[in-house]
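*Asks:* Input: one structure, supplied below.
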Amino acid sequence: MLESLANEMWGEPLYVDSLLSHKSDGILIGGVGGIPVETIRADFPILSERVNGRTIIFLDNAATTQRPNCVIERMARYYSREHSNVHRGAHTLAARATDAYEDARREAASFINADQREIVFVRGATEALNLVAHSFVKPYLKPGDEIMLTALEHHANIVPWQLIAKERGARLTVCPVDDSGQLMLGEFERMITPRTRFISMTHVSNALGTVMPVNEAAAIAHRRHIPICVDGAQSAAHMPIDVKAIGCDFYAFSGHKALGPTGIGVLYGKADMLDRGEPYQGGGNMIQDVTFESTRYQAPPQRFEAGTGNIAGAVGLAEALRYLRRLDMNAIERYEDALMSRLIDELRRAPGVSIIGGDEARRVCAVSFNVAGIQDVKVGEALDRAGIAVRAGHHCAQPGLRRFGVESSVRPSISFYNTFDEIDELARALRVV
Ligand SMILES: *Cc1c(COP(=O)(O)O)cnc(C)c1O
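Start counting the sequence shown at 101; every next residue gets the next number (our numbering).
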């Protein structure tokens, strides 16, 4: 009975143990027919860790998420049974490692509705954005050209552009957001000039949690024949992603913010875009033939993957993405929306709390606030004493916070393994800081 229930829920019997050993608290991810959140929590060993005498309440998911057992076990299995270098050597282990790595590429591709040839493995969103800047934009950039960003970018989607702009005498233009943290789409269209060569924008703001209209932005960009890159570091694990539906030319995300390991990330590039890129780094794996005079490169994606990649990381990431897909990204989005509504309601009522950007706009994963008369770091420390992990600081988005007149904030950020009880616990702790 339980086994068939598990089969129904997960599509495979791997998780029967966690179903048997943990009772539901009655809250289902995805509503009727969904998965009890307590069942899911049992898959994440770190969620039972104790911090300052309390079971941890982990609300720092915009900085990094936690790993389910299946990811930890998959990486251990890779290292115990399959590890070798990939693509070279014709021995059995090399074949196993290559299969595992290329299977991970297929999984990453289908997670965002791309083709496996459009997936470049990188260290994370940061490296993905640097790669796009150096391989696809810098070679075409001339003095006076413009690269457009938005006011709510992570530093990883500002600094690489600044570096290449400086090198080429180009400049950055920044599309504003309104007082609720929403992109001003009219301005976006008006600010595109004949000198605009490239647009790069976040999908979800890591500081405010507001969602950018990337589909509309991509359509506008393409009407003007400008390629557009979407920084998906804060969206990939929180909503279904279909890069074809968005219509972007590039989409970047980090494994560690999507239940996967650190040091692995994904850059999606449209096939015809990838064909046009210059190599990012040189070395093994990315070449077809080398002489001291010249080198012929591999076709994409290998052309952009110099050296030995993070094979175990890719394998672990693929397992993480499978786990997310079994849960169903639509169900995750609905459940997290409900958690976010509760969180914003509680913050609205909490004494002295002001939510940055107000409480009108939809938030995904993260929300930022200040407490009147108390430094953000002090709020963070008080919450930590209550076993609650949140981020206090500038969240690598200084220009975005300054737009709202603050230098820092307290930022709780959720995942689908958080519960309504944990949100209530945060609200209680905030009343006594
Ligand atoms: C975290 C983050 C990044 C950078 O990701 P890394 O994993 O540190 O490379 C880029 N953009 C956004 C919006 C982020 O939240």
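Where a beta carbon is used, it is the ideal one built from N, C-alpha and C, also for glycine.
These numbers come from a predicted model, not from an experiment.
To the nearest angstrom, report how far apart Arg174 and Cys496 are at their CA atoms.
*Replies:* As a first step, residue 174 is located in the sequence shown; it is residue number 74 there, counting from the start. As a first step, residue 496 is located in the sequence shown; it is residue number 396 there, counting from the start. Each residue's alpha carbon lies about 31 Å from the other.
*Asks:* When you compare only the Cα positions, how much space is there between Leu249 and Phe288?
*Replies:* Translated into positions along the sequence shown, residue 249 becomes position 149. Translated into positions along the sequence shown, residue 288 becomes position 188. In a straight line, the C-alpha of Leu249 is about 9 Å away from that of Phe288.
*Asks:* Could you give the distance in angstroms between the alpha-carbon of Lys370 and the alpha-carbon of Gly347?
*Replies:* Residue 370 sits at position 270 when you count from the first residue of the sequence shown. Residue 347 sits at position 247 when you count from the first residue of the sequence shown. Lys370 and Gly347: Cα-Cα distance of roughly 9 Å.
*Asks:* Since Asn470 sits in a beta bridge, which residues does DSSP pair it with?
*Replies:* Position 370 of the sequence shown, counting from 1, holds the residue named residue 470. For Asn470, which the question treats as bridged, DSSP gives the partners Ser454.
*Asks:* If Arg141 and Tyr517 are in contact, beta carbons under 8 Å, what's the gap, nearest whole angstrom?
*Replies:* Against the sequence shown, residue 141 aligns to sequence position 41. Against the sequence shown, residue 517 aligns to sequence position 417. Arg141 to Tyr517, Cβ: 5 Å. Contact.
*Asks:* Against chain D, does Ile157 count as a neighbour if the rule is that its beta carbon must be under 9 Å from one of theirs?
*Replies:* Given the protein chain composition of this structure (a single chain), no chain D is represented.
*Asks:* For Gly269, tell me which candidate among Gly500, Gly360, Pro239 and Arg181 has the shortest Cα-Cα distance.
*Replies:* Residue numbering aside, residue 269 sits at position 169 when the sequence shown is read from its first letter. Of Gly500, Gly360, Pro239 and Arg181, the residue nearest in Cα terms is Pro239.
*Asks:* For Asn430, count neighbouring Cβ atoms within 10 angstroms of its own Cβ and tell me buried if that reaches 16, exposed if not.
*Replies:* In the sequence shown, counting from the first residue as 1, residue 430 sits at position 330. Counting Cβ neighbours within 10 Å, Asn430 comes out exposed, since fewer than 16 surround it.
*Asks:* Anyone know if the C-beta pair for Leu263 and Cys329 falls short of 9 Å?
*Replies:* Your numbering for residue 263 matches position 163 in the sequence shown. Your numbering for residue 329 matches position 229 in the sequence shown. It is not a contact, given that the beta carbons lie outside the stated cut-off.
*Asks:* Can you give me the Cβ contacts of Ala406 inside the same chain, cut-off strictly under 8 Å, excluding the 5 residues immediately before and after it?
*Replies:* For the purposes of this step, residue 406 is identified with residue 306 of the sequence shown, where counting begins at 1. Contacts found: Pro379, Tyr380, Gln381, Gly382, Gly383, Gly384, Asn385 and Met386.
*Asks:* For the region 498-517 against the region 300-309, do three or more pairs of beta-carbon atoms, one drawn from each stretch, fall closer than 8 Å, so that the two count as touching?
*Replies:* Output reads yes: the region 300-309 touches the region 498-517.
*Asks:* Ser513 by DSSP, collapsed to three states: which one?
*Replies:* Here residue 513 refers to the residue found at position 413 when the sequence shown is read from its first residue. Here Ser513 sits in strand by DSSP.
*Asks:* Helix or strand or just coil, what does DSSP make of Ser121?
*Replies:* Indexing the sequence shown from 1 puts residue 121 at position 21. Reliability of the predicted coordinates at Ser121 is poor, the pLDDT of 37 falling under 50, and the value obtained from them is presented with this limitation in mind. Looking at Ser121 - three-state DSSP - the assignment turns out to be helix.
*Asks:* Do Ile364 and Gly355 count as a contact pair if the criterion is CB distance below 9 Å?
*Replies:* For the purposes of this step, residue 355 is taken as residue 255 along the sequence shown, with counting starting at 1. For the purposes of this step, residue 364 is taken as residue 264 along the sequence shown, with counting starting at 1. Contact: yes.
*Asks:* Unbroken beta strand (DSSP E) runs of length 3 or more, entirely within the region 205-242: which are they?
*Replies:* Listed in chain order, the complete beta strand (DSSP E) runs (minimum 3 residues) inside the region 205-242 are 219-222.
*Asks:* By Cβ distance, which residues of its chain are closer than 7 Å to Arg422, with the 5 residues on each side in sequence left out?
*Replies:* Here the question's residue 422 lines up with position 322 in the sequence shown. Closer than 7 Å at the Cβ level, and outside the excluded window around Arg422, lie Glu207.
*Asks:* Since Gly413 contacts Asn152 with CB under 8 Å, what's their CB separation in whole angstroms?
*Replies:* Working through the sequence shown from its first residue, we reach residue 413 at position 313. Working through the sequence shown from its first residue, we reach residue 152 at position 52. The pair is not a contact, with the Cβ atoms about 31 Å apart (cut-off 8 Å).
*Asks:* Using three-state DSSP, classify Phe288 as helix, strand or coil.
*Replies:* The sequence position of residue 288 within the sequence shown is 188, counting from 1. Note: Phe288 maps to helix in three-state DSSP.
*Asks:* Regarding Asp215 and ligand 1, is the C-beta to nearest heavy atom distance less than 8 Å?
*Replies:* Indexing the sequence shown from 1 puts residue 215 at position 115. It does not: the Cβ of Asp215 is nowhere closer than 8 Å to a heavy atom of ligand 1.
*Asks:* Should Gly416 be listed as close to ligand 1, given that the test is whether its C-beta is under 8 Å from any heavy atom?
*Replies:* By one-based count along the sequence shown, residue 416 stands at place 316. Gly416: no, Cβ never under 8 Å from ligand 1.
*Asks:* Straight-line CA distance for Phe158 to Ala209?
*Replies:* Translated into the one-based positions of the sequence shown, residue 158 becomes position 58. Translated into the one-based positions of the sequence shown, residue 209 becomes position 109. Approximately 29 Å, taken between the alpha carbons.
*Asks:* Heavy atom of ligand 1 less than 8 Å from the Cβ of Asp331, yes or no?
*Replies:* One-based indexing of the sequence shown puts residue 331 at position 231. Flag set: Cβ of Asp331 near ligand 1.
*Asks:* Would the beta-carbon of Val467 fall within 9 Å of that of Ser513?
*Replies:* The count along the sequence shown starts at 1 and reaches residue 467 at position 367. The count along the sequence shown starts at 1 and reaches residue 513 at position 413. Yes, the pair counts as a contact, with Cβ atoms nearer than the cut-off.
*Asks:* Let me know the secondary structure DSSP gives Ser300 once reduced to three states.
*Replies:* Position 200 of the sequence shown holds residue 300. In the structure shown, Ser300 sits in a strand (DSSP, three-state: E or B).
*Asks:* What residues in its chain sit with their C-beta under 6 Å from that of Ser121, if we drop five residues either side in the sequence?
*Replies:* Taking the first residue of the sequence shown as 1, we reach residue 121 at position 21. Only weak support is given to the placement of Ser121: the predicted model assigns it a pLDDT of 37, under 50, and the question is left unresolved by the model.
*Asks:* Per DSSP, which residues does Ser335 bridge with? Please list them.
*Replies:* Position 235 of the sequence shown, counting from 1, holds the residue named residue 335. DSSP, once it has assigned bridges, lists no residue as partnering Ser335.
*Asks:* Considering Val479, what are the terminal residues of the alpha helix (DSSP H) in which it resides?
*Replies:* Locating residue 479 in the sequence shown gives position 379, where the first residue counts as 1. Its alpha helix (DSSP H) spans residues Asp476 to Arg485.
*Asks:* Do Arg511 and Val490 have their C-beta atoms closer together than 9 Å?
*Replies:* Numbered from 1 along the sequence shown, position 411 holds the residue referred to as residue 511. Numbered from 1 along the sequence shown, position 390 holds the residue referred to as residue 490. It is a contact, given that the beta carbons lie within the stated cut-off.
*Asks:* Phe404 and Leu231: beta carbons closer than 9 Å?
*Replies:* By 1-based counting over the sequence shown, the position of residue 404 is 304. By 1-based counting over the sequence shown, the position of residue 231 is 131. The answer is yes: Cβ separation under 9 Å.
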